[in-house]
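Encoded as structure tokens, the structure appears first; notes follow it.
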């Protein structure tokens, strides 16, 4: 490798974590984010780097614009997705903020809500809220005026504020997840109901690849009965490991050494608001790689 390319690689590797963090928040997919980062590297290789004054800014811009384009096509695919779509879980135990200034736009519930924003709104929100980019840089990246960039972020904030609930603290989330696991394995209907908020929703993402509920299950009693209904066979021979994915306490489930599910809960003041079952094998690569490392 010549010195020029070595310098290019060093500049790229210095911000690679941040580039992945941007792309992942934009797409909710670790595998697609990795593709975007690789494309950004190829662009960086083919660029006349002698005229680039700020390599990190150049790479962030390239990554964001590639992610905007990718998100537009990803949305068309998700319209035909089988069952509920959930983000692809990523291990954040070593990097709680996933290359960002703050851990914003990383939780499962927020990533699902971000799907309702336009790609440009999503980019502006991610760059501002997670990475603390100044507006003068955001407007250059997404190619709008500075007032328009401010408006994009403001609209995104209002949209998310209208749908989000105040989440419980991480220790409380972990406590509720541990209690949920015990009740789910034993099929304790009373305890499950006690843990759930009245309007709790269970989402199962199998993507048509494995057996999973194709519709959300809503309501305290219905979700409790749903979880109890398969407790006698679902947990048999399953190894459960506590983990941190997307900045949240999670459970990684494996059978005979193969990871087949990640479970997380979203909890608020009234108990567990959402139970998330990530079971699509195409989405477990990032967690599986960590589990077998």
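Residue numbers (this note's numbering): 1298 to 1590. Just so you know, even glycine gets a beta-carbon here, dropped at the ideal spot from N, CA and C.
Exposure of residue i, with buried meaning 16 or more beta-carbon neighbours within 10 Å
i            : result
residue 1303 : exposed
residue 1543 : buried
residue 1533 : exposed
residue 1322 : buried
residue 1355 : buried
residue 1518 : exposed
residue 1502 : buried
residue 1496 : exposed
residue 1477 : buried
residue 1545 : buried
residue 1372 : exposed
Counterpart residues of residue i in DSSP-defined beta bridges
i            : result
residue 1546 : 1541
residue 1522 : Residue 1522 is not bridged to any residue.
residue 1536 : 1551
residue 1562 : 1572
residue 1556 : 1551
Residue i versus residue j - alpha carbon distance
i            : j            : result
residue 1377 : residue 1383 : 14 Å
residue 1482 : residue 1429 : 42 Å
residue 1340 : residue 1329 : 17 Å
residue 1492 : residue 1365 : 39 Å
residue 1421 : residue 1439 : 7 Å
residue 1474 : residue 1565 : 12 Å
residue 1350 : residue 1404 : 34 Å
residue 1570 : residue 1547 : 15 Å
residue 1513 : residue 1308 : 45 Å
As assigned by DSSP and simplified to three states, the class of residue i
i            : result
residue 1432 : helix
residue 1511 : coil
residue 1574 : strand
residue 1370 : helix
residue 1503 : coil
residue 1495 : strand
residue 1439 : helix
residue 1349 : coil
residue 1581 : coil
residue 1483 : helix
residue 1464 : coil
Within-9 Å CB hit, residue i to chain B
i            : result
residue 1385 : Structure shown: chain B not included; a single protein chain is present.
*At what residue ranges does the region 1374-1422 contain a whole run of the beta strand (DSSP E), taking only runs of 3 or more?*
Listed in chain order, there is nothing to give.
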